[in-house]
């Protein structure tokens, strides 16, 4: 309890307080109480709204693709339980999830390099032209997004396998005897039993994806221009490069309550869905 108060409650209260002050890291102390000025500045800041829109697109695309791939690959691995080498394949597949985002960002920045990168070397060898994946306005955002998908699809595979473990074997065996197609097994048997676990996994990935900062910072620093700057990276840069802790604390507070509102709504929908399942 003491550790929770020291590491969570006190910093949160400190952040809330700083949001109402003109506080700079250069001076080290809150200089002046300015009330809601930081929040009003955030409301009219075009860069923040662009970052919000970019972050929303990032969350929808990464979480959506990771979930789709995770369910399909999870179902595939679950159906091949008796095949040799399955455990080794799963171990290798989960490896990206264990890497630090900074290490992964550095690794893929080298792969994407327009001169020395492996990817461009293959493109040139097959008759194409080298592409500056991280330096182009058109390719930077999707290129970083693909790395996040590579890192976190294994998490959704793990969630799917956990969900499949809750499905009664008798129903699966009956479906196998009836030779029910795999997509019908997934829709009519697996999903009703495993949807709670899968939706909980989607919630965790959505929250985590919303906080993405290290990977993008390591690969592009938010560039070129601001085309890959997400809301968490913008907050970090404003706080530790612009030294404006008051403004950053206000934005962090806005994000904090936005996350609470989203999570509460999501859990409400999930709970209602679970009640309908029990009622049915």
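Numbering (this note's numbering), first residue to last: 3 to 282.
Each residue gets a CB set at the ideal place from its N, CA and C atoms; glycine is no exception.
Of all the options the options, which has the alpha carbon lying nearest to the alpha carbon of residue i?
{"i": "residue 264", "options": "17, 3 and 61", "result": "61"}
{"i": "residue 97", "options": "70, 157 and 125", "result": "157"}
{"i": "residue 34", "options": "220, 176 and 247", "result": "247"}
{"i": "residue 134", "options": "226, 180, 266 and 274", "result": "226"}
{"i": "residue 28", "options": "241, 266 and 258", "result": "241"}
{"i": "residue 188", "options": "130, 81 and 67", "result": "81"}
{"i": "residue 173", "options": "129, 162 and 193", "result": "193"}
{"i": "residue 136", "options": "223, 239 and 267", "result": "223"}
{"i": "residue 56", "options": "270, 274, 228 and 103", "result": "228"}
{"i": "residue 243", "options": "26, 178, 10 and 177", "result": "26"}
Is residue i helix, strand or coil when you go by DSSP?
{"i": "residue 243", "result": "coil"}
{"i": "residue 26", "result": "strand"}
{"i": "residue 39", "result": "helix"}
{"i": "residue 231", "result": "coil"}
{"i": "residue 34", "result": "strand"}
{"i": "residue 141", "result": "coil"}
{"i": "residue 123", "result": "helix"}
{"i": "residue 115", "result": "coil"}
{"i": "residue 181", "result": "coil"}
{"i": "residue 1", "result": "Residue coverage of the chain in this structure runs from 3 to 282, which leaves residue 1 outside it and unanswerable."}
{"i": "residue 61", "result": "helix"}
Taking C-beta to C-beta, are residue i and residue j nearer than 9 Å?
{"i": "residue 90", "j": "residue 79", "result": "no"}
{"i": "residue 69", "j": "residue 200", "result": "yes"}
{"i": "residue 53", "j": "residue 235", "result": "yes"}
{"i": "residue 99", "j": "residue 153", "result": "yes"}
{"i": "residue 145", "j": "residue 63", "result": "no"}
{"i": "residue 155", "j": "residue 217", "result": "no"}
{"i": "residue 255", "j": "residue 17", "result": "yes"}
{"i": "residue 12", "j": "residue 76", "result": "no"}
{"i": "residue 196", "j": "residue 230", "result": "no"}
Measure the C-alpha to C-alpha separation of residue i and residue j and round it to an integer number of angstroms.
{"i": "residue 206", "j": "residue 108", "result": "25 Å"}
{"i": "residue 113", "j": "residue 122", "result": "8 Å"}
{"i": "residue 127", "j": "residue 120", "result": "11 Å"}
{"i": "residue 204", "j": "residue 272", "result": "11 Å"}
{"i": "residue 111", "j": "residue 48", "result": "29 Å"}
{"i": "residue 252", "j": "residue 151", "result": "30 Å"}
{"i": "residue 88", "j": "residue 94", "result": "10 Å"}
{"i": "residue 261", "j": "residue 185", "result": "34 Å"}
{"i": "residue 245", "j": "residue 14", "result": "19 Å"}
{"i": "residue 210", "j": "residue 117", "result": "33 Å"}
{"i": "residue 338", "j": "residue 124", "result": "The chain is shown from 3 up to 282; residue 338 falls before or after that span and cannot be answered."}
{"i": "residue 249", "j": "residue 44", "result": "8 Å"}
{"i": "residue 208", "j": "residue 202", "result": "10 Å"}
{"i": "residue 106", "j": "residue 131", "result": "25 Å"}
{"i": "residue 23", "j": "residue 267", "result": "31 Å"}
{"i": "residue 4", "j": "residue 183", "result": "54 Å"}
{"i": "residue 175", "j": "residue 198", "result": "22 Å"}
{"i": "residue 85", "j": "residue 213", "result": "38 Å"}
{"i": "residue 37", "j": "residue 19", "result": "10 Å"}
{"i": "residue 239", "j": "residue 129", "result": "40 Å"}
{"i": "residue 257", "j": "residue 50", "result": "12 Å"}
{"i": "residue 101", "j": "residue 149", "result": "12 Å"}
{"i": "residue 67", "j": "residue 147", "result": "10 Å"}
{"i": "residue 259", "j": "residue 21", "result": "13 Å"}
{"i": "residue 237", "j": "residue 181", "result": "54 Å"}
{"i": "residue 219", "j": "residue 104", "result": "8 Å"}
{"i": "residue 9", "j": "residue 73", "result": "36 Å"}
{"i": "residue 170", "j": "residue 178", "result": "13 Å"}
{"i": "residue 269", "j": "residue 42", "result": "30 Å"}
{"i": "residue 7", "j": "residue 115", "result": "45 Å"}
The stretch 140 to 152 touching the stretch 161 to 170, judged by at least three CB pairs closer than 8 Å:
Touching, no.
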